[in-house]
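For the protein sequence lines, the chains are A and B, in the order given.
Each number in the numbering used here corresponds to the 1-based position in the first sequence with 832 added.
Each number in the numbering used here corresponds to the 1-based position in the second sequence with 832 added.
A quick write-up on the structure given underneath.
Number of protein chains: 2
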Amino acid sequence: MTLILSNDDVDKLLTVEECMATLEPAYVELARGIGINRTRSDSIIAHPTEKDAIYGLKSMDGIVPSLGVSAVRINSDVISWPKVGNAQRRKKIPAANGRWVGLVMVFSTETGEPLGIMPDGVMQRIRVASANGIGIKYMAREDASDVAIIGTGWQAGTQLIAACATRKVNRIRAWSPSAENRATFAAEMTPRLGIEVEAMPDAESAVRGADIVLCSTSSIDPVYFAPWIEPGVHLSSIKPAEIENAALRQCDHIAVHLREDMPLTFAQEGTGAGEAEMAKAWAEKDGIDFEKLPVISDLITGKVKGRTKPEDVTAFINNIGMGFQFAVAGALVCRKAKEMGIGRDFPTEWFTEDVHP
Amino acid sequence: MTLILSNDDVDKLLTVEECMATLEPAYVELARGIGINRTRSDSIIAHPTEKDAIYGLKSMDGIVPSLGVSAVRINSDVISWPKVGNAQRRKKIPAANGRWVGLVMVFSTETGEPLGIMPDGVMQRIRVASANGIGIKYMAREDASDVAIIGTGWQAGTQLIAACATRKVNRIRAWSPSAENRATFAAEMTPRLGIEVEAMPDAESAVRGADIVLCSTSSIDPVYFAPWIEPGVHLSSIKPAEIENAALRQCDHIAVHLREDMPLTFAQEGTGAGEAEMAKAWAEKDGIDFEKLPVISDLITGKVKGRTKPEDVTAFINNIGMGFQFAVAGALVCRKAKEMGIGRDFPTEWFTEDVHP
């Protein structure tokens, strides 16, 4: 049986809490050279018809021996870079009849057979938030309770869930450029979290006095700036450019998700035309040796302390995703789907073959 | 509509001749930097239970702008290296309930949507043979008519079809270590080609006097040796080690499929334990600067001549596959399947999503 699952299925099966709990030891497995991550690759051409857009085929692979699975995550995207407010965003156009195309293929390492095929959308935001949640666990103050979030889109909800799962949160403020979006987000998330989410009129009023600032945007320009820094704050970002360089330089501790190919990370997020600027932005991160920053597993194993004293300013940069994360999340989803009888069952024979390829 | 196709479907839809004809201009598109190939990656762990076996997740991507498609080819393999006869082979174990797992996912570059999902087996041998067929077209003597083939397995049949599609072949001799296999192969291929395929008792009697020698094995040790070389012969191989180094050194012209990562090619075909030997085998290919060998597109564009005179000894080494080839073949298969109403039709919505991933 090979399961074909929907985002609704994945939403029922995968929680941020469970994903964090399974990812944490898996990151150590990866750091020990037992698990495998095949870094993301982006193949890009000009879009055949859309102006100022590209077609991109993105893939990343991973194997988690302890869970007995491997996974390939594939994105087949039409991408544009519109300017929204002051920030240039990276926006995928839903060109597939109003829909997007991201797939996760999960395989058994014992038999090789495909266990499941599912869209990546729900899993994507859960695994991103899980990494940032682990960042909070090891870097934010123990008593952090006041959370600010910049960005109220698809990723933002799970970012808050991860923060609330990790610290005793009692105040949440949210800001994004659209008053309507932030009001909707606050209205949706308040009952979900059981904590009032306040929609704020500007970013600065959202972050002032916060213990944890979550940047959760699709911006490739900075959205958090140096003058906003206060002692003891933990900064968290899901794109490498969200936290201004000058702010990063004031941090006492910085960790990244994956150190591999940091400069590449910048180039990949840029447009073809914008690559030079991205490379420049990268070069400007002087004063920080990105090649030597600790990674998430260094925090988990205790090799590096995320914070040494309450007034430290810390930052976790979730710079690039890993196929390995999708293998972890995919393993959880496929196991639970089977147990709970969720998803469309197909004969595995449709996705296997009787000839030696 | 997203098509789920079987190997039988692909066999009905894709011919070696058509694949060669479409691949030829596509290789030029690739060489000009318009098409994209994302080199194969292999993620490998020890198999959880099988002794002396590994689990390998292999992926390769490609985009063919002129055909409006991209593709990802995925293999989820349990691999062992048994010794058969004098040669060590690379053998995939059909651990998925007696079956193998290789998939080709084909996407539209215009909408991003998945056009088709199909096994890679039949396509695999057609695209391998197509590359070797193009090698024959540009490197073998115009009047080549006598063909020898070493190996009578899955790849061998299409290799002969490609040779017959490219030259006026009137004699075919075949050898493989198993008398039964070569007899079966000869009996099957004779009516298919309309030319008698003679099963020979040893490799040397098969290759003597042949104008074209096709190595078509799963061997990671040499199967064609220097003393067998005769003036004017064209050698063709589907694995880099099949033609003995000493034989390659006697060639007047050598071309490879893809120059990228040549040393890696050797390592990838080896076992974990065997990597050192493979690296050694690579280093021993002295007298040949592999980094400067022409590639298939150099032959097609005429940048490099495959042969300058009838007595030249030539070799085409199909050293590594490309995701790009699967995109070309996948484009053909999906277009024809749609036209002919072949395959299982699924709602594209099952493989797309309504959230921005």
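From the three backbone atoms N, C-alpha and C, an ideal C-beta is built for every residue, glycine too.
Note that the C-beta distance between residue 870/B and residue 1161/B is not below 7 Å. When secondary structure is reduced to three states using DSSP, residue 1167/B falls in the helix class. The DSSP assignment places complete alpha helix (DSSP H) segments of no fewer than 4 residues inside the region 1025-1089 of chain B at 1035-1039, 1077-1081, in order along the chain. Separation of the CB atoms of residue 1050/B and residue 921/B is rounded to 5 Å, and the pair is thereby assigned contact status at 8 Å. For the C-beta of residue 887/A, the chain B residues within less than 8 Å are, from N- to C-terminus, 895, 902, 941, 942, 944. Cα atoms of residue 1135/A and residue 1144/A: separation of roughly 18 Å, rounded to the nearest angstrom. CA-CA distance, residue 1156/A to residue 867/A, rounds to 8 Å.
Residue 1163/B and residue 833/B have their C-alpha atoms spaced approximately 15 Å apart.
Taking the beta carbon of residue 937/A as reference, the chain B residues within 7 Å of it are 906, listed in sequence order.
Contact between the region 1018-1035 of chain B and the region 1084-1093 of chain B is absent: fewer than three C-beta pairs spanning the two stretches fall below 8 Å.
Interface criterion not met: the Cβ of residue 913/B is under 7 Å from no Cβ in chain A. Between residue 979/A and residue 892/A, the alpha-carbon positions lie close to 32 Å from each other. Looking at the backbone, the Cα of residue 873/B and that of residue 890/A are separated by about 14 Å. With a 10 Å radius around the Cβ and a threshold of 16 neighbouring Cβ atoms, residue 1172/A comes out exposed. In this structure the region 834-843 of chain A touches the region 1164-1183 of chain A; the number of beta carbon pairs closer than 8 Å is three or more.
Checking the DSSP bridge columns, you'll see residue 1091/B has no partner listed. Closest option to residue 1185/B, judged by alpha-carbon separation, among 1071/A, 957/A, 1131/A, 933/A: 933/A. Within the same chain, and ignoring the five residues on either side of residue 1005/A in sequence, the residues whose Cβ sits closer than 6 Å to its Cβ are 980, 1030, 1032, 1038.
In its chain, beyond the 5 residues on either side, 1087, 1136 have a beta carbon closer than 6 Å to the beta carbon of residue 1126/A. Ranking 848/B, 1040/B, 1055/B by CA distance to the CA of residue 1065/B puts 1040/B first. With its beta carbon less than 7 Å from one in chain B, residue 909/A belongs to the interface. Across the set 898/A, 875/A, 976/A, the C-alpha of 898/A shows the shortest separation from the C-alpha of residue 865/A. Between the C-alpha atoms of residue 940/B and residue 1183/B there is a straight-line separation of about 13 Å. Between the region 899-911 of chain B and the region 880-889 of chain B there are three or more inter-stretch CB-CB distances shorter than 8 Å, so the stretches are counted as touching.
If one requires a minimum length of 3 residues, the beta strand (DSSP E) runs lying completely within the region 922-1009 of chain B are 923-925, 934-940, 946-951, 978-982, 1003-1007, in chain order. Close partners of residue 1185/A in chain B (Cβ separation under 7 Å): 839, 931, 932, 934, 951, 953.
A residue is called buried when at least 16 other Cβ atoms come within 10 angstroms of its Cβ; residue 974/A does not meet this threshold and is exposed.
Interface criterion not met: the Cβ of residue 1008/A is under 7 Å from no Cβ in chain B. In the DSSP assignment, residue 910/A falls outside any alpha helix (DSSP H) and lies within the beta strand (DSSP E) extending over 901-912. For residue 871/B, the enclosing beta strand (DSSP E) begins and ends at 868-878.
Proximity of residue 1081/A to chain B, defined by a Cβ-Cβ separation below 7 Å, is not satisfied.
Under the 7 Å criterion on CB atoms, residue 1132/B is classed as non-interfacial with respect to chain A. 1176, 1180, 1181: these are the residues of the region 1155-1181 of chain B whose beta carbon lies less than 8 Å from some beta carbon of chain A, given in chain order.
Counting along the chain, no beta strand (DSSP E) covers residue 885/B, and no H or E run does either. Among the bridge pairs identified by DSSP, residue 894/B is matched with 869/B, 903/B. In the DSSP assignment, residue 845/B falls within the unbroken alpha helix (DSSP H) covering 839-845.
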